[in-house]
Each structure stands twice: as C-alpha cells, then as structure tokens.
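**Student:** This structure is in structure tokens; I'll ask about it shortly.
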Amino acid sequence: MAEIRTDVVIIGAGTAGLSAAIYTQRAGKQAIVLEGESYGGQIINTLDVENYPGIKHISGFDFATGLYEQAQDLGAKIEMESALQIIDNGKEKIVKTKENDYIAGAVILATGVKRRELGIENEKELTGKGVSYCATCDGAFYRKKDVAVNGGGNTALEDAEFLTRFCNKVYLIHRRDQFRADVAEVKKITDKPNIELVLNSTIDELQTGEDGKLNGVETVDKVTGEKRVLPVSGLFVAIGQVPSNQAFGDVVALDDAGYIKAGEDTKTSAPGIFAAGDCRTKQVRQLATAASDGAVAALAACAYIEE
Ligand code: NAP
722 MAEIRTDVVI IGAGTAGLSA AIYTQRAGKQ AIVLEGESYG GQIINTLDVE NYPGIKHISG
782 FDFATGLYEQ AQDLGAKIEM ESALQIIDNG KEKIVKTKEN DYIAGAVILA TGVKRRELGI
842 ENEKELTGKG VSYCATCDGA FYRKKDVAVN GGGNTALEDA EFLTRFCNKV YLIHRRDQFR
902 ADVAEVKKIT DKPNIELVLN STIDELQTGE DGKLNGVETV DKVTGEKRVL PVSGLFVAIG
962 QVPSNQAFGD VVALDDAGYI KAGEDTKTSA PGIFAAGDCR TKQVRQLATA ASDGAVAALA
1022 ACAYIEE
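In this note's numbering, the protein residues as written are 722 to 1028.
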C-alpha cells in the first residue's frame, strides 16, 4: 500500500466528479478521481441526452467519454479504485482504498446514486435472467419479445420508449395514474401502438420458468385489488434511485434517506469535505445540476486548501 499525496481527492467519476476534476485542474491544483466501477455514472446508460444546455443531442456514452477525456487532458488522474473510508485529520484527509492511501487537503464526494431495487422475492436470483436495471444495456436481448418497465419517472418512460422500438410489446407498470416524468417524456410514449399502461399497480411476484428465467410478472391493482399476470420475459426496473454513502457516514452528516447533507455551496458538515451531484441533498437531480455542483465544489475545495 502506497501513500499518495495530492491536492484534491474526488470520489466518483460521474458527471459531478469529472466536472470537479476539470475545474480543480484549471484552478491549478492536482485532482485524483477514484472510481470503483466505470467512469460516467448514470448518464452512460442514457441513449440520447437532449436537455444539456448547448448540446441538442448526444449519447450518454459520448457525453461521459468527453468529460473523461477532458479531465484527463487537463492532467487529472483517474484511478479505478473504490474509496472505502475517509479519515479526517483536519487540514489533512486520508482516503483509503484497498490499494492505496490518498492524502489530500480537500475531498469532494461525488458518489452519485444507484438504481433502487424492488425488494421482492426472486429479484436477486432473476437479475440477469430477465430482471434488469438498465434498458439501454440489456434491451437488445429482448428483441421481438414482450417486456415490462416499472416506474413513472423520466428513466422509466425513456426506457419504455426505447424498448417500444424493437420489442413486441411493452407494459409500463406504475403505482399511480399520474407520471412523475416530464411532460416531454410522457408525450413520447403516448399513442405508441405497442405500449400498454398498467397504472395504479405494483409488482407483487416475479414468476420463473423451467429454464430458471423470468417468464411472468404478477401485478396488483391498488384500486380494485385485481391481480394480473403479464407474460413477459424481461422486466426493467426504473423505480428511482438510492444513495450509497454509508461508508462516509462517520465523517459527514447524512439525511434519513442517506444523502449527504450539503447546500448549494456543496459544503458538508466536515470542513474541507464537499458533496457534489446526486449524492447530496437537493431538489433537482439533472446532468446540468451535477456539472454545476462539480464546478462549485472544485472551486470551494481549492479555496479551502488556500485558506
Ligand atoms: P424518479 O424521478 O425518482 O422516479 C421514480 C419512479 O418510481 C416514480 O414514478 C415513483 O413513483 C416510482 N417508485 C419509487 N419507488 C417505488 C417502489 N418502491 N415501487 C414502485 N414504484 C416506485 O427516478 P428516475 O426516473 O430514475 O429519475 C431520477 C432523477 O433523474 C430525476 O430527477 C429525473 O428527472 C432525472 N432523470 C432525468 C432524465 C432526463 O432529464 N432526460 C432522464 C432520466 C432521469 P411515484 O411517482 O408514485 O413517486
């Protein structure tokens, strides 16, 4: 295990983290970004980004790759290591990974969020065998088949619209009769001939075929109590997101849902530790607000080091 000194350690290479790296480098400080999975964060799974100001259309992959390359070109170091713990010694913070100890003057948490699971029986066993959390990654396996999407937010509606392009039929299951998604997304699924809305309904059972794969989803109508089995071979779960900040809950205050308590200035309860993007308490979780947080956190971190 080596001790590596830098100015700012950024935990997470999603939009917020890579934006923070760009702004840290441009402020003349050295950023090291730690990422436990793959760069890009959630946006990498979005087929078409059409609400980032100044860019009419771009794939999530291209957007994330552009950020990654921009951060690297400016001199940020991006290490594929999971941050396991932060030790806060005041003006010196140690971020521990399995491989190294990173010692920095400031830390930016940009840990993002993960897809929420249904929490029902068989879900884990059927993950990868019919149950998926990423339509753009796995949708192609269900060409010409019947599938279901669960959720009523932007992700669910985008997933449903994407799947209608090549699946035989798409059931969109939502627990209410109003969608949380933007009007623009709702418009895109309206009048699609191969989509069926299953509203006011939740999933209470995942059915498994003899081959060990998903072959049906049982829904229950919350109004009538009626149960129905949808004969689908794929289920795309898009019921929102959950933060994963437990490892850092001893150094920064978290709210009841596990988000890092921080305002628009990205300052957490610990001086010199900042939180940027979807991982912090905030109203609007969008690509543009993640990038904005990255810039704010980086400049605040650089100012903290100079104090
Ligand atoms: P979301 O907006 O939080 O929506 C989650 C949906 O799942 C809601 O409709 C919710 O129902 C439902 N839900 C939550 N828990 C559930 C449960 N246990 N069982 C069944 N249904 C459940 O999540 P998201 O769609 O993943 O979007 C997350 C954030 O990313 C949002 O801010 C969204 O605007 C943003 N986003 C933006 C874009 C874009 O701008 N193009 C694309 C994707 C995501 P209720 O409505 O009843 O609460």
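By construction, the Cβ of each residue, glycine as well, lies at the ideal position given by its N, Cα and C atoms.
Does the separation of the CB atoms of Gly937 and Pro952 fall below 7 Å?
**Tutor:** Yes; because the gap between Cβ atoms is below 7 Å, this pair is in contact.
**Student:** For Asn821, list the residues DSSP reports as bridge partners.
**Tutor:** Beta-bridge pairing links Asn821 to Ala723.
**Student:** Suppose you measure from the CA of Val754 to the CA of Asp977; what does that come to, to the nearest Å?
**Tutor:** In a straight line, the C-alpha of Val754 is about 27 Å away from that of Asp977.
**Student:** Taking only runs of the beta strand (DSSP E) that begin and end inside the stretch 806 to 878, which ones reach a length of at least 3 residues, in chain order?
**Tutor:** Fully enclosed beta strand (DSSP E) runs of 3 or longer: 806 to 810, 813 to 817, 821 to 825, 827 to 830, 834 to 836 and 867 to 871.
**Student:** If we ignore side chains and look at the alpha-carbon of each, how far apart do Tyr823 and Lys814 end up?
**Tutor:** Tyr823 and Lys814: Cα-Cα distance of roughly 8 Å.
**Student:** Look up Phe995 in the DSSP assignment and give the residues it is bridged to.
**Tutor:** According to DSSP, which records beta bridges pairwise, Phe995 is partnered with Ile829 and Lys988.
**Student:** For Ala737, which residues in the same chain have their Cβ closer than 6 Å to its Cβ, ignoring the five residues on either side in sequence?
**Tutor:** Here the set comprises Ala831, Ala997, Gly998, Ala1011, Asp1014 and Gly1015.
**Student:** Do Thr945 and Ser922 have their C-beta atoms within less than 7 Å of each other?
**Tutor:** No.
**Student:** Which term fits Gly735, buried or exposed, when burial requires 16 or more other beta carbons within 10 angstroms of its beta carbon?
**Tutor:** Its Cβ being crowded by 16 or more others within 10 Å, Gly735 is buried.
**Student:** I need the straight-line Cα distance from Lys798 to Ala1018, nearest angstrom please.
**Tutor:** Distance between the alpha carbons of Lys798 and Ala1018 is about 18 Å.
**Student:** Within 10 angstroms of the Cβ of His778, are there 16 or more other Cβ atoms? Answer buried if so, exposed if not.
**Tutor:** By the neighbour-count rule (16 or more Cβ atoms within 10 Å), His778 is not buried but exposed.
**Student:** To which residues does DSSP link Ala752 through a beta bridge?
**Tutor:** Note: Ala752 sits in a beta bridge opposite Val729.
**Student:** Once DSSP output is grouped into helix, strand and coil, what is the label at Lys913?
**Tutor:** In the structure shown, Lys913 sits in coil (DSSP, three-state: anything other than H, G, I, E or B).
**Student:** I'd like to know whether the C-beta atoms of Lys934 and Gly851 end up nearer to each other than 7 Å.
**Tutor:** Taking 7 Å as the Cβ cut-off, Lys934 and Gly851 qualify as a contacting pair.
**Student:** Helix, strand or coil for Phe900, going by three-state DSSP, please let me know.
**Tutor:** Coil.
**Student:** Ignoring anything shorter than 3 residues, give me the beta strand (DSSP E) runs that lie fully in the stretch 739 to 800, in order along the chain.
**Tutor:** Entirely contained in the stretch 739 to 800, the beta strand (DSSP E) runs reaching 3 residues are, in chain order, 752 to 755 and 798 to 800.
**Student:** What separation, rounded to the nearest whole angstrom, lies between the Cα atoms of Ile807 and Phe969?
**Tutor:** Using only the alpha carbons, I get a separation of about 7 Å.
**Student:** Is any non-hydrogen atom of ligand 1 found closer than 6 Å to the C-beta of Asn921, if you look at the structure I gave you?
**Tutor:** For ligand 1, not one heavy atom lies less than 6 Å from the Cβ of Asn921.
**Student:** Okay, do the stretch 725 to 734 and the stretch 1020 to 1028 touch, 3+ Cβ pairs below 8 Å being the bar?
**Tutor:** Yes, they touch.
**Student:** Please specify which runs of the beta strand (DSSP E), each continuous and at least 3 residues long, are wholly inside the stretch 915 to 986, giving them in chain order.
**Tutor:** Those beta strand (DSSP E) runs which fall completely within the stretch 915 to 986 and span 3+ residues are 916 to 919, 922 to 929, 935 to 942, 948 to 951, 955 to 958 and 962 to 964.
**Student:** Taking 7 Å as the threshold (C-beta atoms), are Ile725 and Ala821 in contact?
**Tutor:** The residue you asked about is not Ala; residue 821 is Asn in the sequence shown. It is a contact, given that the beta carbons lie within the stated cut-off.
**Student:** Alpha carbons only, please: which of Glu947, Val963, Asp932 and Asp912 is nearest the one belonging to Asp925?
**Tutor:** Taking only the C-alpha atoms, the option nearest Asp925 is Glu947.
**Student:** Could you check whether Arg836 and Gln967 sit closer than 7 Å to each other, using their CB atoms as the reference points?
**Tutor:** Going by C-beta atoms, Gln967 is not nearer than 7 Å to Arg836.
**Student:** What is the DSSP secondary structure of Lys1003, counted as helix, strand or coil?
**Tutor:** In this structure, Lys1003 counts as coil in the three-state DSSP scheme.
**Student:** Are three or more beta carbon pairs between the stretch 856 to 866 and the stretch 787 to 795 nearer than 8 Å?
**Tutor:** No contact exists between the stretch 856 to 866 and the stretch 787 to 795.
**Student:** Alpha helix (DSSP H) containing Cys1023: first to last residue?
**Tutor:** Per DSSP, Cys1023 belongs to the alpha helix (DSSP H) from Leu1008 to Glu1027.
**Student:** Report buried or exposed for Phe887, applying the criterion of at least 16 other Cβ atoms within 10 angstroms of its Cβ.
**Tutor:** Per the 10 Å Cβ criterion, exposed.
**Student:** Do Arg886 and ligand 1 come close, with the Cβ less than 6 Å from some heavy atom?
**Tutor:** No, Cβ of Arg886 sits at least 6 Å from all heavy atoms of ligand 1.
**Student:** Assign Leu805 to one of two classes, buried (16 or more other C-beta atoms within 10 Å of its C-beta) or exposed (fewer than that).
**Tutor:** By the 10 Å Cβ count, Leu805 comes out exposed.
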